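S.K.: Here it is: the structure, laid out below.
In the numbering used here, the protein residues as written are 13 to 613.
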């Protein structure tokens with residue numbers, strides 16, 4: 013197959029703008045999927061993807077299309093996740109393409125992630141084909157959205173394709189647009205092998221299965237190959253093309269997309285963004301743009317029953333085989349016992365990992381308060397990266413602390429600008445600019461501390477704007493902040509699982525609210541339970557759970573009052589002793605108290 017008849021493209025869109033449905037229609041129109049196998053979201057094969065209606069993993073599929081000029085073309089669609097947590101996967105998938113379909117919902121118009129994914133595509137020099145989807149909706153505003161797209165990318169009006177992925181209107185025009193507009197892949201088939209890994213999955217029978225795009229050279233079956241980032245050599249046991257099932261072939265040439273099974277037993281060895289080359293005649297340098305994926309949010313995962321610790325370890329090991337961004341290491345907590353400190357790309361990633369552990373591995377787990385990585389500068393000149401509040405050194409040894417900031421973009425109707433400004437002030441944001449996409453859409457730019465966004469910011473933003481605002485962010489860098497460690501003490505003992513690092517201005521209010529919340533959640537015991545919030549040795553808030561009182565005088569009727577007093581004194585003594593040795597029973601909900609504090613009226 014000549015390179016000029018290959019087209020590699022992806023679809024970029026905001027969540028819910030019809031990306032997976034459009035992919036389904038393209039597969040149906042090119043007869044890649046038979047009617048018997050057709051179902052909604054064909055490429056989203058995880059239950060969670062289908063339930064939530066989002067794409068979590070990148071997928072790739074090859075279609076064959078006979079164009080109007082009677083020429084046969086090979087179209088490689090590389091489907092990308094739309095959520096901000098998975099933007100690294102998006103960037104690698106875009107690097108494997110020459111063009112992109114920019115899908116915009118005719119009813120909702122341009123949203124924050126439409127713009128951020130578009131900028132990623134432009135950085136990768138992709139040819140953009142604008143597509144307005146859902147033109148069949150009664151609320152569709154095709155002319156308004158056309159104007160927004162022209163303002164955004166500066167294309168001509170006739171270049172914008174109008175489709176309804178649901179009904180199939182305009183699908184042939186999209187395929188013709190891909191063939192006509194997107195340039196064929198460049199690359200030297202006679203050069204040294206360079207192939208980009210844009211995804212890898214784990215197969216329990218075959219090991220790591222790597223999805224690759226060949227840029228230069230030819231990859232043949234049963235040849236020794238080298239992975240640049242790890243320096244390890246393997247054998248190309250099987251190579252092939254990706255249709256709905258994997259179809260083995262003998263070689264993949266420059267410009268083609270396919271899969272590689274090399275005998276690597278672990279997805280960590282086949283890292284997304286790495287370059288594959290021949291082991292005997294390696295390329296001089298890898299393809300540009302490879303970065304290690306760095307977790308942004310850390311949380312402790314503990315089994316409710318300590319007997320499940322080994323099961324949790326096995327489950328995390330299996331999940332990590334398929335998810336190269338998940339990091340975990342064992343840790344212990346006085347309150348919760350043995351568990352793991354896990355690193356995630358963001359809150360959605362954390363939620364999905366947690367849900368998969370509960371659903372696929374039947375585990376019940378407690379997760380501690382999510383934290384970001386703080387950079388602590390000590391007075392002796394050392395710099396520590398800390399993702400767990402319990403690791404924070406004494407205040408006397410700390411010179412200053414830096415926390416991660418993100419550059420955030422919020423697109424909203426103008427009437428909600430006041431609400432967003434108020435919310436961003438609460439979250440310690442630094443306002444940058446506001447510009448208008450059109451009279452009904454404002455584009456607001458902020459600098460946010462990441463720690464303020466990972467809790468409940470997204471939910472609050474949706475409720476403050478009735479769901480109309482969209483939010484997108486990227487990591488900006490570290491900035492100095494006044495931060496302190498807030499400890500929770502139960503009867504004088506620190507509860508390490510509830511320790512958090514907070515901004516000085518918010519510590520007092522947070523301590524009070526947390527103590528109030530715990531007072532409602534901790535059941536009454538036979539002795540007094542004292543809940544305190546402390547910064548260092550300074551107590552900033554206190555609540556008391558009153559003891560239960562057993563009626564020890566119930567059997568006494570009539571007679572002398574001294575007899576009753578004696579029994580009450582004896583009870584008092586017993587309670588004192590109990591308080592000295594008694595352990596407070598803390599329910600599971602208490603550990604989630606920090607996350608749900610804002611539900612408090």
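Each residue gets a CB set at the ideal place from its N, CA and C atoms; glycine is no exception.
This structure is a prediction, so every number in the text was calculated from the model and none was measured.
Which residues does DSSP list as the beta-bridge partners of residue 232?
M.R.: Start at 1 with the first residue of the chain shown, and residue 232 comes out as number 220. Partner(s): 263.
S.K.: Whose CA, out of 491, 194 and 458, lies closest to the CA of residue 432?
M.R.: As a first step, residue 432 must be located in the chain shown, where it is residue number 420. Considering only alpha carbons, the answer is 458.
S.K.: What is the DSSP secondary structure of residue 21, reduced to helix, strand or coil?
M.R.: By 1-based counting over the chain shown, the position of residue 21 is 9. In this structure, DSSP gives residue 21 an extended state, which the three-state scheme calls strand.
S.K.: Please work out which residues of its chain come closer than 7 Å, Cβ to Cβ, to residue 392, disregarding the five sequence neighbours upstream and downstream, and give them in chain order.
M.R.: The residue labelled residue 392 in the question sits at position 380 within the chain shown. So no residue of the chain qualifies.
S.K.: Any chance the segment 138-154 sits against the segment 108-126, with 3 or more Cβ pairs inside 8 Å?
M.R.: yes
S.K.: Give the list of continuous alpha helix (DSSP H) stretches no shorter than 4 residues that lie fully inside the segment 498-537.
M.R.: 516-533
S.K.: Quick check on residue 451: buried or exposed, where buried means 16 or more other Cβ atoms within 10 Å of its Cβ?
M.R.: Within the chain shown, the letter at position 439 stands for residue 451. Exposed, because fewer than 16 other Cβ atoms sit within 10 Å of the Cβ of residue 451.
S.K.: Find the nearest neighbour of residue 455 within the set 466, 82, 256 and 429, judged by alpha-carbon distance.
M.R.: Taking the first residue of the chain shown as 1, we reach residue 455 at position 443. The residue with the shortest Cα to Cα distance from residue 455 is 429.
S.K.: Are the beta-carbon atoms belonging to residue 415 and residue 495 less than 9 Å from one another?
M.R.: For the purposes of this step, residue 415 is taken as residue 403 along the chain shown, with counting starting at 1. For the purposes of this step, residue 495 is taken as residue 483 along the chain shown, with counting starting at 1. Their beta carbons are under 9 Å apart, which means residue 415 touches residue 495 by this criterion.
S.K.: Among 258, 256, 106 and 86, which one has its Cα closest to the Cα of residue 190?
M.R.: The sequence position of residue 190 within the chain shown is 178, counting from 1. With distances taken between CA atoms, residue 190 lies nearest to 86 out of 258, 256, 106 and 86.
S.K.: Taking the alpha carbon of residue 335 as the point to measure from, which residue in 349, 342, 283 and 378 has its own alpha carbon closest?
M.R.: One-based indexing of the chain shown puts residue 335 at position 323. Measuring from the Cα of residue 335, the nearest candidate turns out to be 283.
S.K.: Measuring only the C-alpha atoms, how far is residue 112 from residue 139?
M.R.: Position 100 of the chain shown, counting from 1, holds the residue named residue 112. Position 127 of the chain shown, counting from 1, holds the residue named residue 139. Whole-angstrom Cα-Cα distance: 6 Å.
S.K.: Have a look at residue 444 and residue 435 and give me their C-alpha separation to the nearest angstrom.
M.R.: Within the chain shown, numbered from 1, the residue matching residue 444 stands at position 432. Within the chain shown, numbered from 1, the residue matching residue 435 stands at position 423. Their Cα atoms are separated by approximately 15 Å.
S.K.: Do residue 267 and residue 251 have their C-beta atoms within less than 9 Å of each other?
M.R.: Mapped onto the chain shown, residue 267 falls at position 255. Mapped onto the chain shown, residue 251 falls at position 239. Cβ distance not < 9 Å, so residue 267 and residue 251 don't count as in contact.
S.K.: Examine the Cβ distances between the segment 272-292 and the segment 206-215 and report whether three or more of them are shorter than 8 Å.
M.R.: yes
S.K.: Using the C-alpha atoms, what's the distance from residue 195 back to residue 141?
M.R.: Numbered from its first residue, the chain shown carries residue 141 at position 129. Numbered from its first residue, the chain shown carries residue 195 at position 183. Approximately 12 Å, taken between the alpha carbons.
S.K.: Alpha carbon to alpha carbon, how far is residue 355 from residue 78?
M.R.: The residue given as residue 355 occupies position 343 in the chain shown. The residue given as residue 78 occupies position 66 in the chain shown. For residue 355 and residue 78, the distance between alpha carbons rounds to 46 Å.
S.K.: Could you tell me the boundaries of the alpha helix (DSSP H) in which residue 159 lies?
M.R.: The residue given as residue 159 occupies position 147 in the chain shown. First-last of the alpha helix (DSSP H) with residue 159: 154-165.
S.K.: Using only the alpha-carbon positions, how far apart do residue 58 and residue 272 sit?
M.R.: The residue given as residue 58 occupies position 46 in the chain shown. The residue given as residue 272 occupies position 260 in the chain shown. Confidence at residue 58 is low in this model, with a pLDDT of 46, below 50, so its placement is unreliable and no value can be given for it.
S.K.: Can you give me the C-alpha to C-alpha distance between residue 180 and residue 45, rounded to a whole angstrom?
M.R.: Along the chain shown, one-based indexing puts residue 180 at 168. Along the chain shown, one-based indexing puts residue 45 at 33. Rounded to whole angstroms, residue 180 to residue 45 spans 15 Å at the Cα level.
S.K.: Could you tell me the distance, in whole angstroms, from the CA atom of residue 152 to the CA atom of residue 104?
M.R.: Taking the chain shown and counting its residues from 1, one reaches residue 152 at position 140. Taking the chain shown and counting its residues from 1, one reaches residue 104 at position 92. In a straight line, the C-alpha of residue 152 is about 33 Å away from that of residue 104.
S.K.: What is the DSSP secondary structure of residue 429, reduced to helix, strand or coil?
M.R.: Here residue 429 is taken as the residue at index 417 of the chain shown, counted from 1. Three-state result, residue 429: helix.
S.K.: Return the CA-CA distance between residue 280 and residue 166, expressed in angstroms with no decimal places.
M.R.: The residue you call residue 280 lines up with position 268 of the chain shown. The residue you call residue 166 lines up with position 154 of the chain shown. C-alpha separation (whole angstroms): 41 Å.
S.K.: What does the alpha-carbon distance come out to for the pair residue 76 and residue 42?
M.R.: The count along the chain shown starts at 1 and reaches residue 76 at position 64. The count along the chain shown starts at 1 and reaches residue 42 at position 30. Residue 76 and residue 42 have their C-alpha atoms roughly 6 Å apart.
S.K.: What is the DSSP secondary structure of residue 342, counted as helix, strand or coil?
M.R.: Counting from one through the chain shown, the residue named residue 342 turns up at place 330. Residue state, collapsed to three classes: strand.
S.K.: Where residue 22 and residue 324 are concerned, what is the direct C-alpha to C-alpha distance, given to the nearest angstrom?
M.R.: Looking up residue 22 in the chain shown gives position 10. Looking up residue 324 in the chain shown gives position 312. Taking the straight line joining both Cα atoms gives about 36 Å.
S.K.: Can you list, in chain order, the residues of its chain with a C-beta nearer than 6 Å to that of residue 552? Leave out the 5 residues immediately preceding and following it.
M.R.: The residue given as residue 552 occupies position 540 in the chain shown. So the list reads 520, 523 and 545, once near-sequence residues are dropped.
S.K.: Between the Cα of residue 204 and the Cα atoms of 299, 193, 401 and 379, which residue gives the shortest distance?
M.R.: As a first step, residue 204 must be located in the chain shown, where it is residue number 192. The shortest C-alpha separation from residue 204 is found at 299.
S.K.: Restricting to Cα atoms, I'd like to know which of 230, 291 and 475 is closest to residue 238.
M.R.: Translated into the one-based positions of the chain shown, residue 238 becomes position 226. Residue 291 is the option with its Cα nearest to residue 238.
S.K.: Between residue 126 and residue 230, what straight-line distance do the alpha-carbon atoms span, to the nearest angstrom?
M.R.: For the purposes of this step, residue 126 is identified with residue 114 of the chain shown, where counting begins at 1. For the purposes of this step, residue 230 is identified with residue 218 of the chain shown, where counting begins at 1. About 35 Å.
S.K.: Where does residue 183 sit, in a helix, a strand or coil, going by DSSP?
M.R.: Taking the first residue of the chain shown as position 1, residue 183 is located at position 171. Residue 183 falls in the helix class under three-state DSSP.
S.K.: Whether or not the segment 167-178 and the segment 462-478 are in contact is what I'm after, with contact meaning three or more pairs of Cβ atoms, one per stretch, closer than 8 Å; do they touch?
M.R.: no
S.K.: Between which two residues does the beta strand (DSSP E) holding residue 87 run?
M.R.: Numbered from 1 along the chain shown, position 75 holds the residue referred to as residue 87. Here the beta strand (DSSP E) through residue 87 covers 84-91.
S.K.: Please state if the CB of residue 498 and the CB of residue 512 are separated by a distance shorter than 9 Å.
M.R.: Taking the chain shown and counting its residues from 1, one reaches residue 512 at position 500. Taking the chain shown and counting its residues from 1, one reaches residue 498 at position 486. It is a contact, given that the beta carbons lie within the stated cut-off.
S.K.: Identify which residue in 440, 115, 402 and 492 has its Cα closest to the Cα of residue 507.
M.R.: Taking the first residue of the chain shown as 1, we reach residue 507 at position 495. It is 402.
S.K.: At the level of alpha carbons, what is the spacing between residue 25 and residue 558?
M.R.: Position 13 of the chain shown, counted from the first residue, corresponds to residue 25. Position 546 of the chain shown, counted from the first residue, corresponds to residue 558. Whole-angstrom Cα-Cα distance: 55 Å.
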